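First residue of the sequence shown? That's 1180 in the working numbering, and the numbers climb one at a time after it.
We put the beta carbon where it would ideally sit given N, CA and C, even for glycine.
What you are looking at is a predicted structure, and each value in this text was computed from that prediction instead of being measured.
Below: one structure, written as structure tokens.
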Amino acid sequence: MKLIIAEKPAMGRDIAQALSGMLGQPIRADSARMCQWVGDYAIVGAQGHLFRLVDAEHYGDQFAFPWKLNTLPVLPAQFLLEPAYEKLNGKVVNSSLTQSIKRRLVAIKSLIADAHEVCHAGDPDREGQAIIDDILREFNFTGPVKRLWLHAQTNDGIIEAFKSMKDNQNYATLGLAAVARRESDWAIGINATRGYSTVWWKRGHKGLLNIGRVVTPLVGMVVQRENDITSFVPIEHYSLIATVDFGKQEPFVGEWQLGVHEGDPRFDARGKLLLDRAKAEQVQRKCTGKQARVILAEKKPLSESPPLLFSLVELQKAAARMGYSPDEVLAAAQALYEKHKLTSYPRTECQYAPESELKVADAVINAIKSNFGGQFVIPQECDTSKRSSAWDDKKLGDHFAIIPLVSSCPVGNLSRCELDVYRLVCRQYLAQFLEPYKYMQSAIEVEIDSHRFRATGRTPVSLGWRVLFGGAQKKFDSTGKVINQAVLPNIQVNDFGDVVKMDLKCAKTEPPKRFTAITLLEAMEKAYLFVTDPKVRAKLKDVEGIGTAATRSGIISKAVSTALIVEDKSNKIISYRPTPKAFGYILSLPNVLTKPDLTAWFEGKLESIKNGSLEYSRYREVLTKLVSHVLESAVSGQAYNSMPGPSDLPQPVQATSKSARKPRKSPAVKRKKVAA
């Protein structure tokens, strides 16, 4: 008998359906063993993680509550697994979840005992690899194992994956990276939570300090941003805006070009902002009423290719402009993949697709038309013979970009969020088959009494793919703000015009913005930008950052659910701010836990394990040293001395309107220097 173990029961049913069609054999249900049969194949679904790491108490009574600093660190020579039964206060609860897991484990164990070959059908990522590997290891299966690597959970996608199965040993390091990830998260989380919660209680606080390798630096970033906002001192700076009449329909409106003046006391530290009002007024007087001569009049025909296909993060950022949280988008994308079979595997960091997918592009577009039934107008100019840069086999990773599939499902069956996400994926896909957006880029510079004034703009020539995105003028920056482009007058070099207005522009620098659903995902992805040490920053530039595409939304949700950050939904795009507890939380911990350096470095190590360049034994040596370093501040008493007491924490601030997002006078925490 050949046994196929899927990650979830629904996936198992899909595999059985595809296998039945491929082999021409009927599906036979086996409720006693919780599986389905197709010929000589038994197909059973797991239930996500059926095993987890045992609690610290399992390794000795000295690790039981109440926790003691002198028993730390808890670092077993070998990490052990146990069934993932539901627990309450460390005790197994006889719940429906526990009973379901028990029945499933009994069934899978029985099937494995009868199997002479296993097909591993976990999700195509490191956690999916570990879920089935754990089952095979715990039940001591030693026979041959094939790996079913699914990009699409459709019949065609499953059949295609069956034809290209490889030996599971080819994915051994992927599973090992998942093992290393959970062990490091357990070791750092268990030890740091016990160590610093013990100190937290001694300082008079209540509740746990839940510390995690990825959650804590995320909270650290949000707290640091809030501190930057509240400590911000605005700087007043000046510029000039010239309005020049060239006898055309549109006047020229250009800004004074200051250049860079590093070291000049009249400018800011970067030498770009003029701080001297008298200097601005002097130039204003000299230029008022003068003639302007055109010294540059450039027009360049340019084009803009369609944006690449969606990775999960890019999809979450696009949907954030519609008010959705990263977690909501991931849930919708997962449902579109697993339940509705409308899109490909969502937990991807890749924005490219296989060139072979172009063969079914016409069928995909027809499926989109059918599914939307007129609710989504597809431009007639869509031409599948065109090939954007998104189709590139050389740039594929473990997974390709999120794309629509040849699958039938009326959009009326989708939730609002699922529909919006599906529409975004389809729009991005269709853009690949449209012409580039073409426009005329203009730049004009005029000279007024030896001072230069410049303006730039663009004139649309052909919308191309932008017809799907509401036209040429809708271009967004990273915070969701629409960028508008000016249209300039038609003038030539050495044309002269009269200065009709010379406005002095006085502005103040603005504080940093709170993280939004867009910018927080970007910050997690590019955590190296928040590292101050240039050598460390350079090393971390090419690693994952905080979390992965598959886990970032969950990390944000955990920080919210543990009352460390707050989701502010008063604006269209969700923003995040720290709770009062978060300030004390971050001040109580050493920098090694609160800065992104550690977790980004760890993601790099996990990638090294995955690609085989780092041995697991070497990783364990590093983990042991790191855990001891993390605990130093708690054990030595430094954390107690620097930790704020309950009365030192700021009071909660309610954010219910746009005004609530403005910088407050500081939610300052009384603090001492924290040990690094």
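Buried or exposed (CB count within 10 angstroms, at least 16 for buried), residue i
{"i": "Tyr-1795", "result": "exposed"}
{"i": "Ser-1845", "result": "Unreliable placement is indicated for Ser-1845, whose pLDDT of 41 sits below 50; the coordinate value is still reported in the next sentence. With fewer than 16 Cβ atoms within 10 Å of its Cβ, Ser-1845 is classed as exposed."}
{"i": "Met-1190", "result": "buried"}
{"i": "Leu-1494", "result": "buried"}
{"i": "Cys-1160", "result": "Since the displayed the chain opens at 1180 and closes at 1855, residue 1160 lies outside it and no answer follows."}
{"i": "Pro-1589", "result": "exposed"}
{"i": "Thr-1803", "result": "exposed"}
{"i": "Asp-1747", "result": "buried"}
{"i": "Gly-1224", "result": "buried"}
{"i": "His-1519", "result": "buried"}
{"i": "Asn-1389", "result": "buried"}
{"i": "Val-1672", "result": "exposed"}
{"i": "Glu-1507", "result": "buried"}
{"i": "Ile-1414", "result": "exposed"}
{"i": "Ser-1343", "result": "exposed"}
{"i": "Gln-1652", "result": "Low local confidence applies: a pLDDT of 48 at Gln-1652 is under 50, so the model's placement there is unreliable, with the coordinate-based value given in what follows. Under this definition Gln-1652 is an exposed residue."}
{"i": "Phe-1244", "result": "exposed"}
{"i": "Asn-1268", "result": "exposed"}
{"i": "Cys-1214", "result": "buried"}
Cut-off 7 Å between Cβ atoms - residues of its own chain near residue i, not counting five sequence neighbours on either side
{"i": "Leu-1858", "result": "Residue 1858 cannot be examined here, being either before or after the span of the chain that is shown, 1180 to 1855."}
{"i": "Ala-1235", "result": "Phe-1242, Val-1253, Ile-1369"}
{"i": "Ile-1337", "result": "Asp-1193, Ile-1194, Ala-1197, Leu-1329"}
{"i": "Leu-1276", "result": "Glu-1265"}
{"i": "Arg-1526", "result": "Asp-1304, Leu-1491, Ala-1728, Ala-1729"}
{"i": "Leu-1353", "result": "Arg-1305, Gln-1308, Lys-1789"}
{"i": "Ile-1280", "result": "Gln-1226, Leu-1229, Pro-1262, Ala-1263, Tyr-1264"}
{"i": "Val-1771", "result": "Leu-1777, His-1808, Val-1809"}
{"i": "Lys-1841", "result": "Its pLDDT being 41, under 50, Lys-1841 is placed unreliably in this model, and the value from its coordinates should be taken loosely. Contacts found: none."}
{"i": "Leu-1515", "result": "Leu-1521, Thr-1522, Glu-1597, Val-1600, Tyr-1601"}
{"i": "Asp-1572", "result": "Pro-1533, Glu-1534"}
Range of the contiguous alpha helix (DSSP H) that encloses residue i
{"i": "His-1808", "result": "1795-1815"}
{"i": "Val-1358", "result": "1351-1381"}
{"i": "Gly-1399", "result": "1394-1409"}
{"i": "Trp-1216", "result": "Run containing Trp-1216: none in the alpha helix (DSSP H); it sits in the beta strand (DSSP E), 1214-1217."}
{"i": "Gly-1783", "result": "1775-1789"}
{"i": "Val-1492", "result": "1491-1499"}
{"i": "Lys-1762", "result": "Note that residue 1762 corresponds to Phe in the displayed sequence, not to Lys. Where Phe-1762 is concerned, the enclosing alpha helix (DSSP H) stretches over 1759-1766."}
{"i": "Lys-1714", "result": "1713-1719"}
{"i": "Asp-1193", "result": "1188-1202"}
Boundaries (first-last residue) of the beta strand (DSSP E) holding residue i
{"i": "Ile-1206", "result": "1206-1209"}
{"i": "Met-1681", "result": "1675-1687"}
{"i": "Pro-1262", "result": "1260-1262"}
{"i": "Gly-1433", "result": "1431-1435"}
{"i": "Leu-1631", "result": "Correcting the residue identity first, residue 1631 is Arg in this sequence and not Leu. 1630-1641 is the extent of the beta strand (DSSP E) around Arg-1631."}
{"i": "Gly-1224", "result": "1220-1224"}
{"i": "Phe-1551", "result": "Segment 1540-1551 is the alpha helix (DSSP H) holding Phe-1551; no beta strand (DSSP E) there."}
{"i": "Cys-1605", "result": "Unbroken run through Cys-1605 is the alpha helix (DSSP H), 1595-1610; no beta strand (DSSP E)."}
{"i": "Tyr-1238", "result": "Unbroken run through Tyr-1238: none, as it is neither H nor E."}
{"i": "Ser-1861", "result": "Only positions 1180 to 1855 of the chain appear in the structure, and residue 1861 is not among them; the question remains open."}
Contact set for residue i: own chain, Cβ-Cβ below 6 Å, skip 5 residues either direction
{"i": "Ala-1706", "result": "Gly-1724, Ile-1725, Pro-1775, Ala-1779"}
{"i": "Ala-1738", "result": "Val-1394, Leu-1397, Val-1398, Ile-1744"}
{"i": "Pro-1323", "result": "Glu-1296"}
{"i": "Lys-1720", "result": "Tyr-1707"}
Close-in-space but distant-in-sequence residues of the same chain around residue i (CB under 8 Å, 5 per side omitted)
{"i": "Gly-1659", "result": "Note that Gly-1659 scores 44 on pLDDT, short of 50, meaning its location in the model is unreliable; the coordinates nonetheless yield the value given after this. Cβ neighbours of Gly-1659 beyond the five flanking positions: Ala-1499, Arg-1500, Thr-1695, Ile-1697, Lys-1751, Ile-1752."}
{"i": "Leu-1603", "result": "Phe-1489, Leu-1494, Ala-1497, Ala-1498"}
{"i": "Glu-1517", "result": "Lys-1187, Ala-1189, Met-1190, Gln-1332"}
{"i": "Pro-1691", "result": "Arg-1404, Asp-1407, Ile-1408, Phe-1411"}
{"i": "Ser-1199", "result": "Pro-1205, Ile-1206, Val-1217"}
Nearest-angstrom Cβ-Cβ length linking residue i and residue j, presumed shorter than 8 Å
{"i": "Asp-1259", "j": "His-1228", "result": "Per the sequence shown, residue 1259 should be read as Leu rather than Asp. Contact flag wrong, Cβ pair sits at about 15 Å."}
{"i": "Gly-1643", "j": "Val-1666", "result": "Actually they are not in contact, since the Cβ atoms of Gly-1643 and Val-1666 sit about 19 Å apart, beyond 8 Å."}
{"i": "Ile-1627", "j": "Val-1556", "result": "About 49 Å separates the two Cβ atoms, so there is no contact after all."}
{"i": "Pro-1505", "j": "Arg-1731", "result": "7 Å"}
{"i": "Ile-1744", "j": "Val-1401", "result": "5 Å"}
{"i": "Ser-1482", "j": "Pro-1583", "result": "Incorrect: roughly 25 Å between the Cβ atoms, too far for contact."}
{"i": "Asp-1682", "j": "Leu-1419", "result": "7 Å"}
{"i": "Glu-1151", "j": "Trp-1570", "result": "Outside the shown range of the chain, which is 1180 to 1855, sits residue 1151, and nothing can be said about it."}
{"i": "Val-1585", "j": "Ala-1542", "result": "5 Å"}
{"i": "Gln-1607", "j": "Ser-1567", "result": "In fact, because the Cβ distance is near 11 Å, the residues do not count as touching under 8 Å."}
{"i": "Leu-1453", "j": "Arg-1445", "result": "6 Å"}
{"i": "Pro-1823", "j": "Leu-1766", "result": "6 Å"}
Chain B contact for residue i (CB, 8 Å cutoff)
{"i": "Lys-1288", "result": "Judged by its chain identifiers, the structure shown contains no chain B, having just a single protein chain."}
Ranges of the alpha helix (DSSP H) found wholly within the region 1285-1347, counting only runs of at least 4:
1305-1317, 1334-1342
Contained alpha helix (DSSP H) runs [length at least 4] in the region 1498-1533, N- to C-terminal order:
1505-1517
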